[in-house]
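Visitor: Be aware that the sequence shown starts at 134, since it is given in this note's numbering, and climbs by one per residue. All C-beta atoms, glycine included, are put in the ideal place defined by N, C-alpha and C. Just so it is clear, the structure is predicted and the values come from calculations on it, not from any experiment.
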Amino acid sequence: MLALYGLLQQVGCMKQLALPLLISASLIAQCGPSFSKDRKITGTIRGFECGDNCYLTIVDRKKQEQVGLCSAPECGSWNEQTAMPSRYKGKRVTVTVGQGKQIDDSGNVMGEMMSFTKIRFLD
134 MLALYGLLQQ
144 VGCMKQLALP
154 LLISASLIAQ
164 CGPSFSKDRK
174 ITGTIRGFEC
184 GDNCYLTIVD
194 RKKQEQVGLC
204 SAPECGSWNE
214 QTAMPSRYKG
224 KRVTVTVGQG
234 KQIDDSGNVM
244 GEMMSFTKIR
254 FLD
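1. In the DSSP output, what is Leu202 paired with across the bridge?
2. DSSP state of Gln214, grouped into three classes?
3. Considering only their Cβ atoms, is the gap separating Phe249 from Leu189 smaller than 8 Å?
4. Taking the DSSP output, what are the residues bridged to Lys173?
5. How would you label Asn241, buried or exposed, when you count the other beta carbons within 10 angstroms and need 16 or more for buried?
Structure, rendered in structure tokens:
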């Protein structure tokens with residue numbers, strides 16, 4: 134009988150901890166960067182650089198540089214040639230933002246970062 138009483142007390146403590154834990158987890162999840170599939174950035178293309186990965190730099194409406202992995206279909210030939218045609222520099226675009234994996238020359242995943250998954254040219 135004492136064992137049953139002790140078990141009931143532990144369950145009661147767990148119930149009391151459950152709500153604060155859920156609230157904490159929710160707050161932590163909200164603090165991280167948002168990479169929802171619907172997020173878009175409008176700005177001007179500033180540059181394109183390649184190393185182990187290729188990155189597109191856009192200056193947004195707030196004059197902030199946004200750098201992302203260039204994974205949009207429009208980036209395909211740029212990535213292969215490791216160069217973007219100069220005619221695209223300064224073009225206004227809206228990019229769809231996702232999350233991509235940075236991969237080193239050996240094919241190892243080094244981390245994750247913002248990725249531009251679609252590019253819509255506005256000019």
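Guide: Considering the structure as presented:
1. Residue mapping note: residue 202 aligns to position 69 of the sequence shown, counting from 1. Paired residues: Tyr188, Ser248.
2. Position 81 of the sequence shown, counted from the start, is the residue given in the question as residue 214. Residue state, collapsed to three classes: helix.
3. The count along the sequence shown starts at 1 and reaches residue 189 at position 56. The count along the sequence shown starts at 1 and reaches residue 249 at position 116. Taking the C-beta atoms as reference points, Phe249 is found nearer than 8 Å to Leu189.
4. Here residue 173 refers to the residue found at position 40 of the sequence shown. When DSSP reads this structure, Lys173 sits in a beta bridge with Thr229.
5. Within the sequence shown, the letter at position 108 stands for residue 241. The residue is exposed, with fewer than 16 neighbouring Cβ atoms inside 10 Å.
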